[in-house]
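Notes for the one structure printed next.
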Amino acid sequence: MLGFDLTDEQRELKELAHRFAEQEIIPRAREYDEKEIFPVDVCEKAFAAGLMNFGVPKELGGPGLGVLDTSLIVEELNYGCSGISNAVGA
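Counting from 1 along the sequence shown, just add 682 to a position and that's the residue number in our numbering.
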């Protein structure tokens, strides 16, 4: 039967990205936007947390995430700041 519930792993990814947005993006977003600062430190922390390189296959060292998993993460990072989210996603 077709279902629309998230898996436990997807819920964990979503929660991780949400916490990351709250703790790492939101506190810096306004200053970085106003001063036009590229968020290198946030990108480094996102990489360490496994929140970058979404589509890179596992055999090449990435998480190998699909479209839905990536969308769940990006949605939560956008909650913090869409500009920083784009930097992380790029």
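For each residue, glycine too, the CB sits at the ideal point set by N, CA and C.
From which residue to which residue does the alpha helix (DSSP H) around residue i run?
i	result
P709	I708 to K717
T752	V749 to G762
Q692	D690 to F702
E726	V722 to A730
In angstroms with no decimal places, state the Cα-to-Cα distance between residue i and residue j.
i	j	result
L688	A699	15 Å
G744	E704	24 Å
K727	K740	20 Å
L754	N760	10 Å
L742	L684	31 Å
P721	V756	16 Å
F686	R693	12 Å
C690	A730	Note that residue 690 corresponds to Asp in the displayed sequence, not to Cys. When rounded, the distance between both Cα atoms is 21 Å.
Starting from the C-beta of residue i, find all residues in its chain whose C-beta is less than 6 Å away, skip the five residues before and the five after it, and write them out in chain order.
i	result
C763	I707 and A711
A772	none
N735	G744
Taking 7 Å as the limit between beta carbons, can you name the residues of its chain near residue i, skipping five residues before and five after?
i	result
E758	K696, A699, H700 and A703
G765	D715
To which residues of the same chain is residue i closer than 8 Å at the C-beta, ignoring the five residues directly before and after it?
i	result
G746	G737, V738, P739 and K740
L733	L698, A699, F702, I755, L759 and V770
Would the segment 708 to 721 and the segment 740 to 755 be scored as touching if the rule is three or more Cβ pairs under 8 Å? Cβ pair count under 8 Å is below three, so no.
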